[in-house]
Amino acid sequence: PTIPLCGGGRIPYHSLTGRVDFMNISFSYPTRPGHEVLKKFNLTLPPCKTVAIVGESGGGKSTVAALLERFYDPTSGVVMLDGLDIRTLDLSWLRGQVIGFINQEPVLFGSSIMENIRFGKPDATDADVINAAKQANAHRFINSFPEGYNTMVGERGVTLSGGQKQRIAIARALIKNPSILVLDEATSALDAESERVVQEALDRATRGRTVLIIAHRLSTIQGADLICVMSNGRVVEAGTHLELLSKGGLYSDLIRRQRTEGQK
Numbered sequence: 001p002t003i004p005l006c007g008g009g010r011i012p013y014h015s016l017t018g019r020v021d022f023m024n025i026s027f028s029y030p031t032r033p034g035h036e037v038l039k040k041f042n043l044t045l046p047p048c049k050t051v052a053i054v055g056e057s058g059g060g061k062s063t064v065a066a067l068l069e070r071f072y073d074p075t076s077g078v079v080m081l082d083g084l085d086i087r088t089l090d091l092s093w094l095r096g097q098v099i100g101f102i103n104q105e106p107v108l109f110g111s112s113i114m115e116n117i118r119f120g121k122p123d124a125t126d127a128d129v130i131n132a133a134k135q136a137n138a139h140r141f142i143n144s145f146p147e148g149y150n151t152m153v154g155e156r157g158v159t160l161s162g163g164q165k166q167r168i169a170i171a172r173a174l175i176k177n178p179s180i181l182v183l184d185e186a187t188s189a190l191d192a193e194s195e196r197v198v199q200e201a202l203d204r205a206t207r208g209r210t211v212l213i214i215a216h217r218l219s220t221i222q223g224a225d226l227i228c229v230m231s232n233g234r235v236v237e238a239g240t241h242l243e244l245l246s247k248g249g250l251y252s253d254l255i256r257r258q259r260t261e262g263q264k
């Protein structure tokens with residue numbers, strides 16, 4: 001079933017709080033109808049708080065983000081934004097203005113850096129682009145190129161390092177000034193200095209917004225307001241980093257495993 005892009009309600013920007021509720025969600029991908037990825041899944045993203053989802057790969061983490069952006073509708077249950085079923089809301093507004101998606105392994109188009117950032121908000125002015133780049137810690141490295149913002153990047157952004165690409169992705173999301181940020185973490189490791197600069201940009205980007213982090217590495221999410229551990233399509237543990245460590249459950253197992261792998 002196709003999901004129409006236009007039509008439906010909008011919430012005025014000044015009254016949007018950015019609360020998201022996943023209520024009793026079950027979901028199977030259309031290609032595998034018998035395989036439930038989410039099973040009676042419940043989660044609330046409180047306004048202006050950061051919630052991180054962790055768990056084994058295949059446990060349904062990225063599916064949660066896909067349902068929030070409404071790439072799919074749940075088989076049963078409902079996703080709510082400020083108490084309204086997102087199926088009743090205008091999808092182009094939801095994706096274009098409310099939700100900023102930061103995929104840290106972004107696709108860069110064969111055009112200028114300026115256009116790659118503007119992709120997040122096609123009617124943005126040059127000043128908007130530069131402002132977003134500054135927030136994303138990208139302005140300085142962009143200006144170090146002889147052509148500045150007019151520098152062309154190849155189909156895969158050949159001239160840019162991993163950390164530079166990630167900052168372009170952050171700028172692309174921030175240019176629309178979204179109320180909700182979804183952050184699908186990069187699995188690719190950056191060197192320590194790049195990681196610091198990217199993390200600084202992310203910390204700035206997430207301030208004052210509702211944030212959902214799909215976490216692959218646990219080191220980056222210890223400051224989250226809430227960490228939810230997923231297994232087999234549902235939340236099995238939730239709490240802060242310290243609360244979950246003291247439980248000695250799945251989260252502390254995951255932490256221990258990542259540390260061991262990191263030492264290899």
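Numbering (the UniProt record's numbering), first residue to last: 1 to 264. We put the beta carbon where it would ideally sit given N, CA and C, even for glycine.
Closest in alpha carbon position to Ile255, among Ser219, Gly110, Ile180, is Ser219. Taken in chain order, the unbroken stretches of beta strand (DSSP E) that lie wholly in the stretch 178-222 and span 3 residues or more are 180-184, 210-214.
Between the alpha carbons of Asn103 and Gly55 lies a gap of roughly 18 Å. Around the C-beta of Ser179, 16 or more other C-beta atoms lie within 10 Å, and the residue is accordingly described as buried. Leu181 is not a Cβ neighbour of Arg217, given a cutoff of 8 Å. Between the alpha carbons of Leu160 and Ala192 lies a gap of roughly 17 Å. DSSP places Phe22 within a strand segment (E or B) once states are collapsed to three. Between the stretch 50-68 and the stretch 125-144, the count of C-beta pairs closer than 8 Å stays below three; the two stretches do not touch. With respect to the 8 Å criterion, Cys228 and Ile53 are classified as neighbours on the basis of their beta carbons. Secondary structure at Asp90: coil, using DSSP grouped into helix, strand and coil. Pairing Ala136 with Ala171 gives a Cβ-Cβ distance under 8 Å. Counting the other Cβ atoms within 10 Å of the Cβ of Tyr13 gives fewer than 16, which makes it exposed. In the DSSP assignment, Val64 falls within the alpha helix (DSSP H) that extends over 61-68. The closest CA to that of Pro46, considering only Lys176, Ile168, Phe22, is found on Phe22. Between the stretch 80-94 and the stretch 220-240, the count of C-beta pairs closer than 8 Å stays below three; the two stretches do not touch. Using a Cβ distance threshold of 8 Å, Leu94 and Arg70 count as a contacting pair.
If you check the CB distance, Glu195 and Ile213 do not come in under 8 Å.
In this structure, Gly100 sits near Ala173, with a CB-CB distance shorter than 8 Å. Per DSSP, Phe145 has no beta bridge partner at all.
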